[in-house]
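Colleague: Sending over a structure as structure tokens; questions will come in a sec.
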Ligand SMILES: NC(=O)c1ccc[n+]([C@@H]2O[C@H](COP(=O)([O-])OP(=O)(O)OC[C@H]3O[C@@H](n4cnc5c(N)ncnc54)[C@H](OP(=O)(O)O)[C@@H]3O)[C@@H](O)[C@H]2O)c1
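Numbering (the working numbering), first residue to last: 887 to 1183.
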């Protein structure tokens, strides 16, 4: 059973969550999708990661239509807003832009609540920083959302440490997470201050594309090197390569929470076991060396 991480008095998320960015590509019927969600909740993967834009603005609505409220009550729904895509479902968008104005955030939450058929979101994240963002205005919207009970907790995604500090400086409550890309093939957050800040603020990050979006299984020298080291450790420990790759992320003391992206139940079942795998420092550094292709940085 996947464990829970307590992020605040109001919210705990499962240590591994399921992201639905690729949901429409999983080629599952609505019945098969509902069964998949029921099974992942049974495994303890109770946190589902959405965004308004997933599936060209269709995933939230499809999910809301499929998942009965009895199942939703066992889940934590995280969604994001702030990217305006050019899409047939948003004919008013003529150009891809970012919008994290108070007006857009509040309207986006109402749309997400309606689409997901729920009266509250467990967490709302700003999908991307916007060079034009006004921290005071965002803080006002965040405070109103939290007060109204429409959203339990708030956070950000793909923010730099200084952007997190800026927004946090205007809030009377803690941002709960910064959702960032982090994996055995994407080490940047360990060296650009992102994970230092997460640890400093006791703000566990959500890690997107934890298997590098499938690149880990593809071509390329780095992927090949890392795969070979992961496999060797997996064989030593009697675990799967995927579990070792996820355990590598979770060993970081900032307590990253990987967001799984597979639509295959067997893979999700296997991944759930990563929660019980504690890698030794030696194993962890062997993987780091394989990723950098040389000595440890
Ligand atoms: N905040 C952001 O900006 C942001 C950006 C990107 C993603 N996200 C979130 O992060 C979630 C996860 O991202 P992700 O989908 O890139 O995660 P991922 O788990 O790194 O990649 C999933 C992809 O890898 C494939 N895969 C998994 N195991 C495999 C294996 N053993 N062999 C071959 N292929 C394998 C999956 O295919 P199968 O389905 O066939 O298993 C799927 O196509 C998204 O759903 C979204 O919620 C957030």
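Where is the CB? At the ideal position from N, CA and C, for every residue including glycine.
Being a predicted model, the structure only gives us computed values, none of them experimental.
Which same chain residues, not among the five before or five after residue 947, have their C-beta less than 6 angstroms away from its C-beta?
Modeller: Contacts found: 1001.
Colleague: Per DSSP, residue 912 forms a beta bridge with which residues?
Modeller: BP columns for residue 912 are empty, so no partner.
Colleague: Suppose the cutoff is 8 angstroms on Cβ atoms and the five residues either side in sequence are ignored; what does the same chain contact list for residue 1031 look like?
Modeller: Here the set comprises 991, 992, 995, 1010, 1037, 1040.
Colleague: Are the CB atoms of residue 1154 and residue 1162 nearer to each other than 8 angstroms?
Modeller: Cβ atoms of residue 1154 and residue 1162: not closer than 8 angstroms.
Colleague: At the level of alpha carbons, what is the spacing between residue 958 and residue 1052?
Modeller: The straight-line gap from Cα to Cα measures roughly 33 angstroms.
Colleague: Going by DSSP in three states, residue 1112 sits in which element: helix, strand or coil?
Modeller: Three-state DSSP puts residue 1112 in a helix.
Colleague: Mind checking which residues open and close the alpha helix (DSSP H) that includes residue 900?
Modeller: That residue, residue 900, is in no alpha helix (DSSP H); its beta strand (DSSP E) goes 898-900.
Colleague: Please identify the residue among 1044, 953, 1085 whose C-alpha is closest to the C-alpha of residue 1136.
Modeller: If we check each option's Cα against that of residue 1136, 1085 comes out closest.
Colleague: Flag residue 921 as yes when its Cβ comes closer than 7 angstroms to any non-hydrogen atom of ligand 1, and as no otherwise.
Modeller: Residue 921 Cβ: outside cutoff for every heavy atom of ligand 1.
Colleague: Please return the same chain residues whose Cβ sits closer than 6 angstroms to the Cβ of residue 934, not counting the five positions on each side in sequence.
Modeller: So the qualifying residues of the chain are 904, 961, 963.
Colleague: Taking Cβ to Cβ, would you say residue 1184 is nearer than 8 angstroms to residue 888?
Modeller: Missing from the structure shown is residue 1184; the chain here goes from 887 to 1183 and no further.
Colleague: Using the three-state DSSP reduction, which class does residue 976 fall into: helix, strand or coil?
Modeller: Strand at residue 976.
Colleague: I want to check one thing, is the minimum distance from the CB of residue 1065 to the heavy atoms of ligand 1 below 7 angstroms?
Modeller: Yes; taking the cut-off as 7 angstroms, the Cβ of residue 1065 has a heavy atom of ligand 1 nearer than that.
Colleague: Going by DSSP, name the residue or residues bridged to residue 1145.
Modeller: Answer by DSSP bridge pairing, in chain order: 903.
Colleague: Please report the Cβ distance between residue 1093 and residue 1101, rounded to the nearest whole angstrom; I am assuming they are in contact, meaning their Cβ atoms lie under 8 angstroms.
Modeller: Between residue 1101 and residue 1093 the Cβ distance is about 15 angstroms, and since that is not below 8 angstroms, they are no contact.
Colleague: Nearest CA to the CA of residue 1071: which residue from 1122, 1058, 1080, 1131?
Modeller: For residue 1071, the nearest C-alpha among the options comes from 1131.
Colleague: For the beta strand (DSSP E) containing residue 1039, name the first residue and the last one.
Modeller: 1037-1043 is the extent of the beta strand (DSSP E) around residue 1039.
Colleague: Helix, strand or coil: how does DSSP classify residue 1049 here?
Modeller: Three-state result, residue 1049: helix.
Colleague: Compute the minimum distance between the beta carbon of residue 1161 and the heavy atoms of ligand 1, and state whether it is under 7 angstroms.
Modeller: Not under cutoff, so the answer is no.
Colleague: Does any heavy atom of ligand 1 sit closer than 7 angstroms to the C-beta of residue 1103?
Modeller: It does: the Cβ of residue 1103 is within 7 angstroms (strictly closer) of some heavy atom of ligand 1.
Colleague: So, with DSSP's three-state summary, where would you put residue 851?
Modeller: What the structure shows of the chain is the stretch from 887 to 1183, and residue 851 is not part of that stretch, so it cannot be assessed.
Colleague: Take residue 897 as the anchor and find which of 921, 1022, 1089, 998 has the nearest alpha-carbon.
Modeller: Ranking the options by Cα distance to residue 897, first place goes to 1089.
Colleague: Please name the residue in 1076, 1124, 1080 whose C-alpha comes closest to that of residue 1043.
Modeller: The shortest C-alpha separation from residue 1043 is found at 1080.
Colleague: Could you give the C-beta distance for residue 1146 and residue 902, rounded to a whole number, given that I count them as a contact under 8 angstroms?
Modeller: Between residue 902 and residue 1146 the Cβ distance is about 6 angstroms, and since that is below 8 angstroms, they are a contact.
Colleague: Determine the DSSP secondary structure at residue 1006, reduced to helix, strand or coil.
Modeller: Coil at residue 1006, not helix or strand.
Colleague: Please confirm whether any heavy atom of ligand 1 lies closer than 7 angstroms to the CB of residue 963.
Modeller: Result no, Cβ not under 7 angstroms from ligand 1.
Colleague: Relative to ligand 1, is the shortest distance from any of its heavy atoms to the C-beta of residue 1072 smaller than 7 angstroms?
Modeller: Answer for residue 1072: no, Cβ out of range of ligand 1.
Colleague: Are the Cβ atoms of residue 1157 and residue 1129 separated by less than 8 angstroms?
Modeller: Their beta carbons are under 8 angstroms apart, which means residue 1157 touches residue 1129 by this criterion.
Colleague: With 16 as the cutoff for other CB atoms within 10 Å, does residue 945 come out buried or exposed?
Modeller: It is buried - the Cβ of residue 945 has at least 16 other Cβ atoms within 10 Å.
Colleague: Are the segment 1171-1180 and the segment 1111-1118 in contact at 8 angstroms, needing three or more beta carbon pairs?
Modeller: The segment 1171-1180, when compared against the segment 1111-1118, does touch it at the 8 angstroms Cβ threshold.
Colleague: Could you spell out where the alpha helix (DSSP H) holding residue 1092 opens and where it closes?
Modeller: Element bounds for residue 1092: not the alpha helix (DSSP H) but the beta strand (DSSP E), 1092-1094.
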